[in-house]
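S.K.: Start counting the sequence shown at 1; every next residue gets the next number (my numbering).
Idealized CB from N, CA, C, for every residue including glycine.
Note that the structure is predicted; figures quoted are calculated from it, not measured.
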Amino acid sequence: MAAAQGRLSDGADGMDEPKGTEGDPRHGGAPPRPFRAAVDALRGARLRPQIEVDPAPAPKRLAPYAYALEAAVVDGEDDLADGRLVLLHDPDGHDAWRGTFRLVTLVRAELEPEMAADPLLPDVCWSWLTGALAARGLAYGEPSGTVTRASSHYFGGLSARPAASQIEIRASWTPREGLDGVPDTGTHLVAWCDLLAQVAGLPPAGPGDAAVVSLPQRRGPQSR
1 MAAAQGRLSD GADGMDEPKG TEGDPRHGGA PPRPFRAAVD ALRGARLRPQ
51 IEVDPAPAPK RLAPYAYALE AAVVDGEDDL ADGRLVLLHD PDGHDAWRGT
101 FRLVTLVRAE LEPEMAADPL LPDVCWSWLT GALAARGLAY GEPSGTVTRA
151 SSHYFGGLSA RPAASQIEIR ASWTPREGLD GVPDTGTHLV AWCDLLAQVA
201 GLPPAGPGDA AVVSLPQRRG PQSR
């Protein structure tokens with residue numbers, strides 16, 4: 001799968017590792033059963049065929065245990081959108097999370113400049129995330145994130161390139177744990193892929209996705 005292209009924001013919402021945690025004694029060791037079960041649920045999730053998912057290097061300093069996935073919405077040899085989803089687990093809990101698990105995500109896609117200029121776009125993109133979780137009946141807490149849009153204009157030797165606009169969603173939330181202490185990470189992954197497909201402009205996958213509104217005026221596919 002092609003790597004995500006570009007970077008728009010500065011690592012807000014925990015996707016980048018903080019400094020000063022290299023000596024944390026909790027890192028390493030055999031993963032606890034709740035974390036193993038949560039990872040197994042991610043691996044077993046069934047996703048629509050247009051989305052390719054691969055394991056990715058997990059951050060080592062955000063939590064004692066972490067697991068990461070990269071995904072792309074694929075049309076032939078082209079990527080329509082891409083992103084990363086990281087599952088964090090701290091058995092001791094985390095005050096900011098208000099739980100022992102945390103999901104951290106990055107989603108990005110290229111847009112038509114007219115769409116990117118819409119002043120309501122950031123609010124709409126955030127509602128796509130919360131709506132995807134709600135549509136799957138998922139309980140979660142402490143959501144936070146940023147929606148960033150950027151435009152690139154080319155000059156001189158690059159002046160033949162058309163102007164490009166991108167949207168980037170960085171977010172994190174705490175999935176509610178079941179009675180066994182394990183969140184329904186498989187369904188969270190499915191909801192995240194619903195968001196990724198929506199940003200890519202794909203139509204709803206089926207009756208259960210009827211509430212999904214496709215993104216209009218998507219720029220053409222990006223070569224992988």
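Using 7 Å as the cut-off, classify the Cβ of Q198 as near or not near the heavy atoms of the ligand GDP, replying yes or no.
M.R.: As for the ligand GDP, it is missing from this structure, which has no ligand bound.
S.K.: From what residue to what residue does the alpha helix (DSSP H) around V86 run?
M.R.: Unbroken run through V86 is the beta strand (DSSP E), 78 to 94; no alpha helix (DSSP H).
S.K.: Report yes or no: do the region 84 to 103 and the region 164 to 175 share at least 3 C-beta pairs separated by less than 8 Å?
M.R.: Segments in contact, yes.
S.K.: Beta-carbon within less than 8 Å of E22's beta-carbon, same chain only, minus the 5 sequence neighbours each way: which residues are those?
M.R.: With a pLDDT of only 36 at E22, under the threshold of 50, the placement of this residue in the model should not be trusted, and no figure is reported.
S.K.: Just checking my contact of A197 with V74 at CB under 8 Å: how many whole Å lie between their CB atoms?
M.R.: Their Cβ separation, rounded to whole angstroms, is 11 Å, which puts A197 and V74 out of contact at 8 Å.
S.K.: Is the distance from the Cβ of A41 to the Cβ of D184 below 8 Å?
M.R.: Yes, the Cβ-Cβ distance between A41 and D184 is below 8 Å.
S.K.: Please report how far the alpha carbon of P25 lies from the alpha carbon of R98, in whole angstroms.
M.R.: Interpretation of P25 is limited by its pLDDT of 41, a score under 50 that renders its predicted location unreliable; no figure is taken from the coordinates.
S.K.: Threshold first: 4 residues or longer. Then list the alpha helix (DSSP H) segments lying entirely within the region 105 to 141, N to C.
M.R.: Entirely contained in the region 105 to 141, the alpha helix (DSSP H) runs reaching 4 residues are, in chain order, 113 to 116, 121 to 135.
S.K.: Can you find at least 3 beta carbon pairs, one from the region 115 to 126 and one from the region 85 to 97, that sit closer than 8 Å?
M.R.: Not touching, per the Cβ criterion.
S.K.: Please classify F35 as buried or exposed, where buried requires at least 16 neighbouring CB atoms within 10 angstroms.
M.R.: Answer is buried; the Cβ neighbour count reaches 16.
S.K.: CB-CB under 8 Å to D54, same chain, minus the five flanking residues each way: which ones, in chain order?
M.R.: If we look at D54 and ignore the five residues flanking it on each side, its Cβ neighbours are M1, L69, E70, A71.
S.K.: Can you give me the C-alpha to C-alpha distance between G178 and A56, rounded to a whole angstrom?
M.R.: Cα to Cα, G178 sits roughly 26 Å from A56.
S.K.: Within the same chain, show all residues whose beta-carbon is closer than 7 Å to that of L133, passing over the 5 residues directly before and after it, in chain order.
M.R.: The answer, listed in chain order, is Y140, A191.
S.K.: Going straight from the alpha carbon of A109 to that of F155, what length do you get?
M.R.: One C-alpha to the other measures close to 23 Å.
S.K.: Return the Cβ separation of I167 and L129 in integer angstroms, given the expectation that the two are a contact with Cβ distance under 8 Å.
M.R.: Not a contact, Cβ separation roughly 12 Å.
S.K.: Is the distance from the Cβ of A200 to the Cβ of L80 below 8 Å?
M.R.: Their beta carbons are under 8 Å apart, which means A200 touches L80 by this criterion.
S.K.: Who pairs with S159 in a beta bridge, going by DSSP?
M.R.: None, per the DSSP bridge assignment.
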